[in-house]
Amino acid sequence: MRVVVAGGHGKIALILERLLTRRGDTVAGLIRNPGHAGDLEAAGAEAIVLDLENSSVEAVAGHLQGADAVVFAAGAGPGSGAARKETVDRDAAILLADAAQAAGVPRYLMVSSMGADADAADGDDPVFTTYLRAKGAADDDVRGRPGLQATIVRPGMLTDDAGTGLVTIAESTGRGSIPRADVAAVLVAVLDTPETGGQTFELIGGDTPVDEAVAALSRGR
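In this note's numbering, the protein residues as written are 229 to 449.
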């Protein structure tokens, strides 16, 4: 399997790249900063320097040729303002979907956020509200595309704790946290389960092994 990861230097992305390459998959990561290339190469992934905020559909699609799946794991990151929540968390995710369809890539995995909602109510933090709306709008756009098997993964609060391999997956899990390593493991399992295409689910730590929790999604269709 060839997988292209947008936001290839993110914490979840680097773990995902290691998991995939260790089992023999071919992985490329899209990064904006060429200084991060060494970290991707150490994870076994090809580094592709490409700024999704300033790229055309054609340019991105050129790097997706031959891919079996794309994963959107990019984000404007802490400390960024509302404008970049829109240009990265929304617009770049939509651009990646446009490019995937142009390149004939059948699968799209979105690392979204619990609470993502294009119509999220105003909150105490206007930047965070913009973030939830941007993620929700991107989820809606990607999920609604005919011919693109998209899976939207909405994790709870992310931690850098060691992965447990145990999760809770549901349409609504309630608030909770989850190690980034377990999110990456779920992404691998989702890639291996095409029946998860078209599904959106929340993800937190729990008591169910990752493979069993993802398999239950396909049985529930």
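Just so you know, even glycine gets a beta-carbon here, dropped at the ideal spot from N, CA and C.
Owing to the predicted nature of the structure, the values given are computational and were not obtained by experimental measurement.
Handout entry: DSSP bridge partner residues for residue 275 (one or two, in chain order)
Key = BP columns for residue 275 point to 257.
Exercise for the section: Reducing DSSP to helix, strand and coil, say where residue 312 ends up. Expected result: In the structure shown, residue 312 sits in a helix (DSSP, three-state: H, G or I).
Handout entry: Residue nearest to residue 379 in terms of C-alpha spacing, selected from 402, 418, 359
Key = That would be 418, whose Cα lies nearest to the Cα of residue 379.
Practice task
Identify every run of the alpha helix (DSSP H) within the segment 372 to 432, keeping only runs that are complete inside it and at least 4 residues long; order them along the chain.
Solution key: As far as the segment 372 to 432 is concerned, its whole alpha helix (DSSP H) runs of at least 4 residues are 408 to 419.
Exercise for the section: Specify the secondary structure class of residue 437 as computed by DSSP and reduced to three states. Expected result: Residue state, collapsed to three classes: strand.
Practice task
Evaluate residue 430 with the Cβ neighbour count: other Cβ atoms within 10 Å of its Cβ, from every protein chain shown; 16 or more gives buried, anything less gives exposed.
Solution key: Per the 10 Å Cβ criterion, buried.
Handout entry: residue 332 to residue 247 span [Cα, whole Å]
Key = C-alpha separation (whole angstroms): 25 Å.
Practice task
Examine chain B for any beta-carbon lying closer than 8 Å to the beta-carbon of residue 257, and answer yes or no.
Solution key: In the structure shown, chain B does not exist; there is a single protein chain.
Practice task
With a floor of 3 residues, list each beta strand (DSSP E) that falls wholly inside the segment 278 to 352, ordered by position along the chain.
Solution key: Those beta strand (DSSP E) runs which fall completely within the segment 278 to 352 and span 3+ residues are 297 to 300, 335 to 339.
Exercise for the section: Closer than 7 Å by C-beta to residue 359: which residues in its own chain qualify, once you throw out the five before and the five after it? Chain order, please. Expected result: Here the set comprises 313, 317.
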